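Here's the structure, in structure tokens; my notes come after.
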Amino acid sequence: MLTFKVNDDVVQKLLPDGWTLAPIAQGPAKGANLSVVFAERLATVGPDGKAVGGEEASVILSIPARNNAETAFAIIEAYSDAATAPGFYKVGKPAKVTLERSLRATNLTGTIEESWSVAGDGGERITLRLGYERSQPSRVQVDSRNVSAADARVRRTYRIDQGLVVLASAPNGVDQAKGLTFNATGGLLGRLFDGSQQLVSAVSLPWYSRQLYVPASQ
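Under the numbering used here, the first residue of the sequence shown carries the number 1, and numbering increases by one thereafter.
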């Protein structure tokens, strides 16, 4: 996952009515106003424990926001297989998402290299390349709320259990990512990443498990 500081005016205009930008207030991503999550979903199970859907790679963009006392991440755009677009949050776009990952290790100590690419049907393009040393993750358990930027009534709450490794953090002076390059063009991406963006943090999530909850009305 990458976080950025981008133009406040651009991201504010993407939020639903009544919501305002609320940059991340603490931690390795302090000050960031945009998150880009590179997700590799391996399994999904329903309330009955049976498998629902299959594997999928996706890239999700979100903005930390506030509506009075309520805080949430507003999902503004997502890229994944055409079969799942526009998705639950109504902002998904069909795309080909490619992931390459390699590990060179001795006794599980070594270097991981990742390369992601997104080719959206609408001409959007994202590339990410980086390397990092395999290390012991910190376990983080947190509840997080997401809303759709297209319709704030569409929402989910996630109860998350994840392992987290901070690869880069401008606020904390961490720079352990090797050869990190990121590029995004086309459509909304071109407005967000106009050359003035600043990388705030990069983290690896070796494991990520969540339970999701939706309002009864949905």
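By construction, the Cβ of each residue, glycine as well, lies at the ideal position given by its N, Cα and C atoms.
All figures in this text were calculated on a predicted structure; none of them were measured in a lab.
Taking contact to mean at least 3 C-beta pairs separated by less than 8 Å, is the segment 101-109 in contact with the segment 75-88? The segment 75-88 and the segment 101-109 do not touch, with fewer than three beta-carbon pairs separated by less than 8 Å.
Stretch pair the segment 22-35 + the segment 196-204: three plus CB contacts closer than 8 Å: Verdict: yes, contact present.
Let me check understanding here. Comparing Cα to Cα, which of Ser209, Ala168, Asp194 lies closest to Asp27? Here residue 27 turns out to be Gly, not Asp, going by the sequence shown. Answer by Cα proximity: Ala168.
Which class does Val140 belong to by DSSP, given the choice of helix, strand or coil? If DSSP states are grouped into helix, strand and coil, Val140 belongs with the strands.
According to DSSP, is Thr44 helix, strand or coil? Collapsing the DSSP output to three states places Thr44 in coil.
Simplified DSSP assignment, three categories, for Arg153: In the structure shown, Arg153 sits in coil (DSSP, three-state: anything other than H, G, I, E or B).
Pull up the CB-CB distance for Ile126 and Val59, whole angstroms please, since I reckon it's below 8 Å. At roughly 6 Å, the Cβ-Cβ gap stays under 8 Å, so Ile126 and Val59 are in contact.
Considering only residues of the same chain and omitting the five flanking positions on each side of Thr157, which have a CB-CB separation below 6 Å? If we look at Thr157 and ignore the five residues flanking it on each side, its Cβ neighbours are Arg145, Tyr213.
Please work out which residues of its chain come closer than 8 Å, Cβ to Cβ, to Gly122, disregarding the five sequence neighbours upstream and downstream, and give them in chain order. Answer for Gly122: Lys93, Gly186, Gly187, listed in chain order.
Given a cut-off of 9 Å on the beta-carbon distance, is the pair Gly163 and Trp207 in contact? A Cβ-Cβ contact shorter than 9 Å links Gly163 with Trp207.
Limits of the unbroken beta strand (DSSP E) element including Arg101: Looking at the DSSP string, the run of the beta strand (DSSP E) that includes Arg101 is 92-106.
Rounded to whole angstroms, what is the Cα-Cα separation between Val45 and Ala57? Going by the C-alpha atoms only, they are around 17 Å apart.
Kindly say whether Tyr79, judged by its beta-carbon, lies nearer than 9 Å to any beta-carbon of chain B. The structure shown has no chain B; it contains just one protein chain.
In angstroms with no decimal places, state the Cα-to-Cα distance between Pro64 and Val11. Rounded to whole angstroms, Pro64 to Val11 spans 10 Å at the Cα level.
From the DSSP output, in three-state form, read off Ala72 for me. Ala72: strand per DSSP, three-state reduction.
According to DSSP, residues forming a beta bridge with Glu56: In the DSSP output, where bridge partners are listed per residue, Glu56 has Arg41.
Supposed contact pair Ala39 and Ala51 - C-beta distance, whole angstroms, cut 8 Å: Cβ atoms of Ala51 and Ala39 stay farther apart than 8 Å, at about 18 Å.
Following the continuous beta strand (DSSP E) through Leu128, name the residue where it begins and the one where it ends. Start and end: 125-133.
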